[in-house]
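Heads up: the structure comes next, in structure tokens.
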């Protein structure tokens, strides 16, 4: 490996030492009942304001409740967030004060408002919007400063895959992940079902047996859960669109998908959904294959930006992290042009090499982390879905 | 990871890793088309849609279909060189709860229909 060169981007340095690439005012509903109020409050100060509408927060027991709590708290502490308003109803299970505490522990201003104690949704909304305007005005003054790319955790993701994903966009992204790790940064790969069939390649990159075993254990659990339904996993993996696009089995999809985690970067860690990513190198996170749940978890883990490869094209964004869309399919680059940030289809007809495509993608990541808007941000796509471990009680 | 080969601009298919017994069509292939010697020189037997796979060698029933240098599943019937390789003749070896259920209760085996949401391939 050559000597480490420092590469900078313009980010936001937070009091807890983490570095953000956006500076959002986050409006967090504790429960589904306060989700719409939260969206209205955030919309009043958009695009700096952003909400986390979700369907949980009550009717949950044990690990399922804990996962909702931890995911919401992780967003409150996230370095892409500058300040937090927690919008409670008043009688729910999720504890508003815990979410505010998570933000404060990371050095952010945080306020709690409860609809029941504010005297109804109209008063609560008015009061929260007034507060949101004050916080947003403060956040707008915060300057970007030069930060090192070693501070970045890049989420690598694919969705709407076709045959071009494994040939062009995923290997190009894998080269970006390798380069970022060479520069001292980190990458996170989720979607355990989409490692199934390629796990031997990732396990071989683990520095010790323990990490490899943890990877294989998570994959076995997901495969067992799918098999417990008594069905062929082909009912969902590959998806109907993947199959029409030429992907035959989950093994084939996984082998193409896993390339986005790099070709040589060591497998540093395997972590639960939304858990804080603490290691440099590649972390595998235990997320489902559903795009939005997967991105939600990886951003919860601390990823400041997402690169999302797609063959067929998808709108997916995130409330607090930019999601960069790249495609290796020349037709999709045109037909879904509104939703695509970078076209790497030249790899397939020899207009450019994988290394050239990766170099353009790396530059795009740096530009987006320094403030360039992605297609998903321009179009207002902010999907958020917390993975559920158990049925609602 | 086995590196992904760069496509050869003069070839309509890509063989991703040495040792693969399938290639991916970069354009639609008509039956009778002869692939270059470096792509195993096979004659295409079936129409192969863009992005789909063509067999480069005979694959016996139960044998592994190899792409990216790894198994992507097993042949459910004999696959001849030049044939279309897809869900009609390849079965996944993973996540097969249907097979596990069939072993316990033969009548319970079944596969969900694949919905077509109005998209062309």
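Protein chains in written order, with the working numbering: chain C, 106 to 498; chain U, 69 to 189.
Don't be surprised by glycine CBs; every beta carbon is placed ideally from N, CA and C.
Predicted, not measured: the structure shown is a model, and the values here were computed from it.
Status (buried if at least 16 other CB within 10 Å, exposed otherwise) for residue i
i: residue 172 of chain U; result: exposed
i: residue 181 of chain U; result: Annotation note: pLDDT 49 at residue 181 of chain U (below 50); position unreliable, coordinate value reported separately. That one is exposed.
i: residue 252 of chain C; result: buried
i: residue 196 of chain C; result: exposed
i: residue 440 of chain C; result: exposed
i: residue 359 of chain C; result: buried
i: residue 448 of chain C; result: buried
i: residue 116 of chain C; result: buried
i: residue 478 of chain C; result: exposed
i: residue 483 of chain C; result: exposed
i: residue 466 of chain C; result: buried
i: residue 438 of chain C; result: buried
i: residue 114 of chain C; result: buried
i: residue 383 of chain C; result: exposed
i: residue 160 of chain C; result: exposed
i: residue 87 of chain U; result: exposed
i: residue 495 of chain C; result: exposed
i: residue 245 of chain C; result: exposed
i: residue 396 of chain C; result: buried
i: residue 117 of chain U; result: buried
i: residue 160 of chain U; result: buried
i: residue 256 of chain C; result: buried
i: residue 188 of chain U; result: Because residue 188 of chain U sits at a pLDDT of 48, beneath the cut-off of 50, its placement in the model cannot be relied upon, and the following sentence gives the value as read from the coordinates. Its Cβ having fewer than 16 others within 10 Å, residue 188 of chain U is exposed.
Rounded straight-line distance, which links the Cα of residue j to that of residue i
i: residue 119 of chain U; j: residue 351 of chain C; result: 5 angstroms
i: residue 147 of chain C; j: residue 427 of chain C; result: 17 angstroms
i: residue 170 of chain C; j: residue 493 of chain C; result: 9 angstroms
i: residue 158 of chain C; j: residue 166 of chain C; result: 20 angstroms
i: residue 277 of chain C; j: residue 476 of chain C; result: 22 angstroms
i: residue 353 of chain C; j: residue 79 of chain U; result: 22 angstroms
i: residue 407 of chain C; j: residue 153 of chain U; result: 41 angstroms
i: residue 345 of chain C; j: residue 163 of chain U; result: 17 angstroms
i: residue 231 of chain C; j: residue 240 of chain C; result: 14 angstroms
i: residue 463 of chain C; j: residue 233 of chain C; result: 44 angstroms
i: residue 226 of chain C; j: residue 271 of chain C; result: 49 angstroms
i: residue 157 of chain U; j: residue 99 of chain U; result: 18 angstroms
i: residue 202 of chain C; j: residue 83 of chain U; result: 57 angstroms
i: residue 481 of chain C; j: residue 417 of chain C; result: 16 angstroms
i: residue 223 of chain C; j: residue 187 of chain C; result: 24 angstroms
i: residue 174 of chain C; j: residue 168 of chain C; result: 10 angstroms
i: residue 473 of chain C; j: residue 386 of chain C; result: 21 angstroms
i: residue 444 of chain C; j: residue 420 of chain C; result: 6 angstroms
i: residue 250 of chain C; j: residue 409 of chain C; result: 16 angstroms
i: residue 105 of chain U; j: residue 364 of chain C; result: 28 angstroms
i: residue 292 of chain C; j: residue 114 of chain U; result: 42 angstroms
Closer than 7 angstroms: residue i CB and nearest the ligand FAD heavy atom
i: residue 238 of chain C; result: Here there are no bound small molecules, and the ligand FAD is not part of this structure.
Chain-order list of residues whose beta-carbon lies under 7 angstroms from that of residue i (same chain, five-residue window excluded)
i: residue 164 of chain C; result: 497 and 498
i: residue 136 of chain C; result: 162, 163, 194, 197 and 199
i: residue 236 of chain C; result: 190 and 216
i: residue 336 of chain C; result: none
i: residue 140 of chain C; result: 134, 158 and 159
i: residue 81 of chain U; result: 91, 92, 93, 94, 103, 107 and 122
i: residue 324 of chain C; result: 297, 300, 301 and 304
i: residue 131 of chain U; result: 142 and 143
Anticipated Cβ contact below 8 angstroms, residue i with residue j, distance rounded
i: residue 327 of chain C; j: residue 297 of chain C; result: 4 angstroms
i: residue 429 of chain C; j: residue 411 of chain C; result: 7 angstroms
i: residue 434 of chain C; j: residue 283 of chain C; result: In fact, because the Cβ distance is near 23 angstroms, the residues do not count as touching under 8 angstroms.
i: residue 97 of chain U; j: residue 122 of chain U; result: 6 angstroms
i: residue 321 of chain C; j: residue 308 of chain C; result: 6 angstroms
i: residue 294 of chain C; j: residue 74 of chain U; result: No, residue 294 of chain C and residue 74 of chain U are not in contact; Cβ-Cβ is about 24 angstroms, not under 8 angstroms.
i: residue 414 of chain C; j: residue 431 of chain C; result: 5 angstroms
i: residue 402 of chain C; j: residue 392 of chain C; result: 4 angstroms
i: residue 127 of chain U; j: residue 89 of chain U; result: 6 angstroms
i: residue 220 of chain C; j: residue 150 of chain C; result: Actually they do not touch by this definition, with Cβ atoms about 19 angstroms apart.
Proximal residues to residue i (C-beta, below 8 angstroms), its chain only, five neighbours per side dropped
i: residue 181 of chain C; result: 131, 133, 189, 191, 204, 205, 207, 208, 211, 213 and 215
i: residue 356 of chain C; result: 301, 302 and 303
i: residue 155 of chain C; result: 129, 130, 131, 132, 147, 424, 425 and 487
i: residue 454 of chain C; result: 435
Nonlocal neighbours in the same chain, by C-beta distance under 6 angstroms from residue i, ignoring five residues either side
i: residue 176 of chain C; result: 379, 405 and 491
i: residue 111 of chain U; result: 102 and 150
i: residue 310 of chain C; result: 371 and 372
i: residue 108 of chain C; result: Unreliable positioning characterises residue 108 of chain C in this predicted model, as indicated by a pLDDT of 48, which lies under 50. A coordinate reading is not provided.
i: residue 446 of chain C; result: 429, 430, 479 and 480
i: residue 280 of chain C; result: 463
i: residue 138 of chain C; result: 194
May I have a chain-ordered list of the beta strand (DSSP E) segments no shorter than 3 residues that lie completely inside the stretch 253–334 of chain C? For secondary structure counted as the beta strand (DSSP E) over 3 or more consecutive residues, the stretch 253–334 of chain C holds these complete runs in sequence order: 258–263 and 291–294.
Within the stretch 100–184 of chain U, note down every full beta strand (DSSP E) run reaching 3 residues or more, in order along the chain. 121–123, 132–135 and 138–143
Sequence ranges, beta strand (DSSP E) only - wholly within the stretch 393–424 of chain C, length at least 3: 410–414
So within the stretch 209–242 of chain C, which uninterrupted alpha helix (DSSP H) runs reach at least 4 residues, ignoring any that extend past its ends? 220–223
Unbroken stretches of the alpha helix (DSSP H), 4 residues or longer, contained in the stretch 135–167 of chain C: DSSP assignment within the stretch 135–167 of chain C yields the following whole alpha helix (DSSP H) runs of 4 residues or more, N-terminal first: 140–149.
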